[in-house]
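K.L.:
Got a structure for you, questions after.
2 protein chains.
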Amino acid sequence: MLAIRLIERKRDGGRIGPGEWRALLGAYVAGHVPDYQMAAFLMSVYLRGLDRDEMAALTDAMLRSGGALDLSTIAAPRIDKHSTGGVGDKVSLVLAPLVASVGIVVPMMSGRGLGHTGGTLDKLDAIPGFRSDLSLAEARAQLERIGCVMLGQTGEIAPVDKKLYALRDATATVESIPLIASSIMSKKLAEGLTGLVLDVKRGSGSFLTTLERGIELAETMIALGAAHGCPVVALLTAMDRPLGRACGNALETEEAIQALKGDGPADLMEVTYALGAEMLILGGLAPDRGSAIETLKGAVSSGAAAEKLKEIVEAQGGNPAVVDDPALLPQAEAIELFRATRRGFIAQIEPRAVGRGIIALGGGRATMEDTIDPGVGFVITVKPGDWVEAGEPIASVFARDESGLRAGAGALRDAIRIADEAEPPLALISHRVTREGVEAYAS
Amino acid sequence: MLAIRLIERKRDGGRIGPGEWRALLGAYVAGHVPDYQMAAFLMSVYLRGLDRDEMAALTDAMLRSGGALDLSTIAAPRIDKHSTGGVGDKVSLVLAPLVASVGIVVPMMSGRGLGHTGGTLDKLDAIPGFRSDLSLAEARAQLERIGCVMLGQTGEIAPVDKKLYALRDATATVESIPLIASSIMSKKLAEGLTGLVLDVKRGSGSFLTTLERGIELAETMIALGAAHGCPVVALLTAMDRPLGRACGNALETEEAIQALKGDGPADLMEVTYALGAEMLILGGLAPDRGSAIETLKGAVSSGAAAEKLKEIVEAQGGNPAVVDDPALLPQAEAIELFRATRRGFIAQIEPRAVGRGIIALGGGRATMEDTIDPGVGFVITVKPGDWVEAGEPIASVFARDESGLRAGAGALRDAIRIADEAEPPLALISHRVTREGVEAYAS
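Read top to bottom, the protein sequences are chains A and B.
With our numbering, letter number 254 in the first sequence gets 254, and the count goes up by one each step, no holes.
In short: position in the second sequence from 1, add 1000, done, that's our numbering.
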């Protein structure tokens, strides 16, 4: 295998075979293919694309580059959820304990935030003592015992993906659906899943802003799952505004805890129940969406869902008392109300601007090397379409100090637009995509 | 200037501005833009292309990255020839002394061979003592004194081109007309030319095998020359078989010397005179092709052309006696006739196979680090369309030893196809391209 021959072939629109993908990635991880050759290859892939067979082979090669969770001795359905990422997206923290409490085994592997989007791991890190750097053996033992684990991407899983992602990030080859889909699926397949539910965000705050690209990603992931015997269902959800009210790590963890205890914001609950219902149906634990949501609501009201989060936190070294008393989470030093600058309709709450505001407060990352302050962020209590009076409190800024308060207020002034009229926002959940096709989602 | 923004823009089909080209190349040479980012950028350029203004800006940025020959004090026409390269192409060695002997100033900068194609510098190196690594100051002094210099690409000229070429070679981004044209023109413009004649090879042994791509390159170079005030004329010539009889460094130098003394093969002379005539016309030293060729033939028969080669060799430290006695050139240890394997027509003499044969003999380079044996090669005395009898000598192999003879004979068996019928080869000179357009070439 000469890397340059594969670059030439992909450059000219040709196909790379399964053995060639394995050889190329193996040589890259071993350092025999230099970054500059892989960069030229990735740009060829970006511009020429991959067909379904090539994506399946690439996914397989990445999957085989590392270890995997062997969960074949666990009889229960093993189902995870993946989100393409957004602002205020704490769904994983609610969803994993919730569906685990009703019998789904959830081997959830998450990432850290980068740029304007947050990451589940950073939110979990806000819990005192919580350890997300489990080995595959530890994760497996915990799954057998309590049916849910929430861990970071270990070096054991698809190690080539980490090296490739860093290169893609530096060479403008991230936003390629074949590369995104293969990267996600290689990691998810390593979790030993029997099903996967995908939350594809759309709108200005999402990775793939258009509906068409979102559906293309969903269909690609569904095909990749099918090629590996893992059924995938996708929902397209709105990310033209933050999800829920809290934006910032500890603030979101607190909101997730409240949600598990029956006090979550309506939009967060609607998305969580919709995704959870798909997981229950995929796992054969509910016949239809209606009964699935009944089951999930029951787990919240009975306290079983919150109890499951306590078990997870305790199993991973964290202080389970945070579930009863979220004030044990890291707190901001300085808090200030943010008031409407004029009367009118909330016309827009721009998620990227909110995300940039969190970075400005010290609660997000511009580069992977940045450390973050878990306590800072925003709680935005209005939604697009709400009517507000001038001076009415519409948000709170949580900061480290006075200058943080000023930076946070400035970010909210950029993010929140108030006008005489407001266009309706995107439907919270607009489409459902399965192997059978795309359908409008009827709430 | 953030390199990643330029990669993104070119990836998406956008344009790079003149200041951005200068900044990008400057940062690359300084090591601030890593090879992997430049590789992704080059692949974007390969697949998205550059418009004429971008090519002119890139050429200008490469030209400005280094020094140049300031020949403005030389009143005579300063004209060079560039060939896209082939097998047996020793035209430069004949043409430069020939046109210099009739009054054209020729600041000829050449390269080394790589892969199946040879390089003029390697042929010059076969002359004992010859130095091609002159400084720009030395080259200028020699031009003022004898009107011709034949030197290698010095680090003073377009230094970024050397670094970029090595990267393109490793990332399958060589065969891009915008990158080829900008690279050639940046170096040629640094020679301070008043005109340039281009020999664009076509056919299986050439770089751009199709007529369409050859014409595209010619038109691109003509436009780039026009943008920099340097008129360019191109001839499309055949490289579906080697040019002349000798293939291999010292063998080709010997053939060039014989050509200057009036004893060159017909095809070599026809191409040399045609290119020389364009140089004389561009330089205003002849009114038309007929009278230009008369002038050139006169310089051969009078001995002035061979005398000019002696002057050049002597000025650059070589032994001028090689012109009178080519036996002073390096000689092969082992020589053997190669005979026709059957009777029939010579249907093909495949230049790439001949070029690979020279590499197998030790007379060419697979990588730029290889050292070469100047004495080895082939003299092929037949041409496509010739009728041969079985066992008739049709070539000689010049090798280092017995095993070289066997390798050489094997290469010729691959290269030379004898059949009952032969398709006519490509016209030796098929088209002439100028700013006015493309015209069929009438010999």
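Where a beta carbon is used, it is the ideal one built from N, C-alpha and C, also for glycine.
Predicted model, so just to flag it, every value in this text is computed and none were measured.
1) Kindly indicate which residue of A:356, A:409 and A:417 has the alpha-carbon position closest to the one of residue 385 of chain A.
2) Alpha carbon to alpha carbon, how far is residue 1068 of chain B from residue 1153 of chain B?
3) On a Cα-Cα basis, can you pick out the residue from B:1228, B:1008 and B:1415 that is closest to residue 1357 of chain B?
4) Does chain A have any CB closer than 8 Å to the CB of residue 1190 of chain B?
5) Closest to residue 1020 of chain B by C-alpha separation, out of B:1421, B:1310 and B:1058, would be which residue?
6) Can you grab the Cα-Cα spacing for the pair residue 284 of chain A / residue 183 of chain A, in whole Å?
7) Run down chain B in chain order and give the residues with a C-beta less than 7 Å from the C-beta of residue 173 of chain A.
8) Please report whether the beta-carbon of residue 1170 of chain B lies at a distance below 8 Å from any beta-carbon of chain A.
9) Should residue 1130 of chain B and residue 1258 of chain B be called a contact, given that it needs their Cβ atoms to be closer than 8 Å?
10) Using DSSP with H/G/I as helix, E/B as strand and the rest coil, what is residue 332 of chain A?
11) How would you call residue 1305 of chain B, buried or exposed, if buried means at least 16 neighbouring beta carbons within 10 angstroms?
12) Among the candidates B:1062, B:1222 and B:1045, whose CA atom is the shortest distance from the CA of residue 1199 of chain B?
13) For a quick check, are the C-beta atoms of residue 1346 of chain B and residue 1388 of chain B less than 8 Å apart?
14) Would you mind reading off the limits of the alpha helix (DSSP H) that contains residue 1043 of chain B?
15) Threshold first: 3 residues or longer. Then list the beta strand (DSSP E) segments lying entirely within the segment 76 to 104 of chain A, N to C.
16) Under a Cβ-count criterion, where at least 16 other Cβ atoms within 10 Å of its own Cβ denotes burial, should residue 112 of chain A be classed as buried or exposed?
17) How would you call residue 1220 of chain B, buried or exposed, if buried means at least 16 neighbouring beta carbons within 10 angstroms?
18) Which residues does DSSP pair with residue 1439 of chain B in a beta bridge?
19) Leaving aside the five residues before and after residue 1438 of chain B along the sequence, list all residues of the same chain whose C-beta is less than 7 Å from its C-beta, in chain order.
20) By alpha-carbon positions, which one of B:1114, B:1380 and B:1231 ends up nearest to residue 1362 of chain B?
21) Could you tell me which chain B residues have their CB closer than 8 Å to the CB of residue 8 of chain A, listed as they occur along the chain?
22) Which residues, taken in chain order from the segment 1328 to 1360 of chain B, show a beta carbon closer than 9 Å to some beta carbon of chain A?
23) Just the C-alpha distance for residue 206 of chain A and residue 146 of chain A, rounded to the nearest angstrom, thanks.
24) Buried or exposed: which applies to residue 1032 of chain B, given that a residue is buried once 16 or more other Cβ atoms fall within 10 Å of its Cβ?
25) What does residue 1388 of chain B pair with, by DSSP beta-bridge criteria?
26) With distances taken between CB atoms, is the gap from residue 1393 of chain B to residue 1352 of chain B smaller than 8 Å?
27) Determine the burial state of residue 402 of chain A: buried for a count of at least 16 other Cβ atoms within 10 Å of its Cβ, exposed for fewer.
28) Relative to the C-alpha of residue 271 of chain A, which candidate in A:238, A:104 and A:137 has its C-alpha closest?
29) Does the distance from the C-beta atom of residue 1086 of chain B to that of residue 1117 of chain B stay below 8 Å?
30) Do residue 248 of chain A and residue 404 of chain A have their CB atoms nearer than 8 Å?
31) Using a Cβ-Cβ cut-off of less than 9 Å, list which residues of the segment 1032 to 1056 of chain B approach chain A; keep chain order.
32) Can you confirm whether the segment 39 to 52 of chain A touches the segment 161 to 180 of chain A when touching is taken to mean that 3 or more C-beta pairs between the two stretches lie within less than 8 Å?
33) So does the segment 154 to 161 of chain A actually touch the segment 180 to 197 of chain A, counting three or more Cβ pairs closer than 8 Å?
34) Just checking my contact of residue 97 of chain A with residue 329 of chain A at CB under 8 Å: how many whole Å lie between their CB atoms?
35) Tell me whether residue 327 of chain A is buried or exposed, calling it buried when 16 or more other Cβ atoms sit within 10 Å of its Cβ.
36) Pick from B:1409, B:1375 and B:1434: whose alpha carbon is nearest that of residue 963 of chain B?
P.N.:
Reading from the atomic positions:
1) Per the Cα distances, A:417.
2) Approximately 11 Å, taken between the alpha carbons.
3) With distances taken between Cα atoms, residue 1357 of chain B lies closest to B:1415.
4) Chain A, which has no Cβ nearer than 8 Å to the Cβ of residue 1190 of chain B, makes this no.
5) Residue 1020 of chain B has its Cα closest to that of B:1058, out of B:1421, B:1310 and B:1058.
6) Those two C-alpha atoms are separated by around 27 Å.
7) Result: 1040.
8) Yes, because at least one Cβ of chain A sits closer than 8 Å to the Cβ of residue 1170 of chain B.
9) No, the Cβ-Cβ distance between residue 1130 of chain B and residue 1258 of chain B is not below 8 Å.
10) In this structure, residue 332 of chain A counts as coil in the three-state DSSP scheme.
11) By the 10 Å Cβ count, residue 1305 of chain B comes out buried.
12) That would be B:1222, whose Cα lies nearest to the Cα of residue 1199 of chain B.
13) Yes.
14) Taken as a continuous stretch (DSSP letters only), the alpha helix (DSSP H) holding residue 1043 of chain B covers 1035 to 1048.
15) Annotation: the segment 76 to 104 of chain A contains the following complete segments of the beta strand (DSSP E) (minimum length 3 residues), in chain order: 79 to 83.
16) With 16 or more Cβ atoms within 10 Å of its Cβ, residue 112 of chain A is classed as buried.
17) When all chains shown are included, residue 1220 of chain B counts as buried.
18) In DSSP, residue 1439 of chain B forms a bridge with B:1432.
19) Cβ within range, chain order: 1215 and 1431.
20) Measuring from the Cα of residue 1362 of chain B, the nearest candidate turns out to be B:1114.
21) Taking the beta carbon of residue 8 of chain A as reference, the chain B residues within 8 Å of it are 1172, listed in sequence order.
22) For the segment 1328 to 1360 of chain B, no residue has a beta-carbon sitting nearer than 9 Å to a beta-carbon of chain A.
23) Their Cα atoms are separated by approximately 33 Å.
24) Result: exposed.
25) Here residue 1388 of chain B is bridged, per DSSP, to B:1344.
26) Taking 8 Å as the Cβ cut-off, residue 1393 of chain B and residue 1352 of chain B do not qualify as a contacting pair.
27) Residue 402 of chain A is exposed by the Cβ-count criterion.
28) Nearest neighbour of residue 271 of chain A by Cα position, chosen from A:238, A:104 and A:137, turns out to be A:238.
29) Result yes, Cβ atoms of residue 1086 of chain B and residue 1117 of chain B sit closer than 8 Å.
30) It is not a contact, given that the beta carbons lie outside the stated cut-off.
31) So the close ones are 1034, 1035, 1036, 1037, 1038, 1039, 1040, 1041, 1042, 1043, 1044, 1046, 1047 and 1048.
32) Touching, yes, given that three or more Cβ pairs across the two stretches are closer than 8 Å.
33) Taking a contact to require three or more Cβ pairs closer than 8 Å, the segment 154 to 161 of chain A and the segment 180 to 197 of chain A qualify as touching.
34) Not really, about 16 Å apart at Cβ, beyond 8 Å.
35) So residue 327 of chain A counts as exposed.
36) Because chain B here runs from 1001 to 1443, residue 963 of chain B falls outside it and cannot be looked at.
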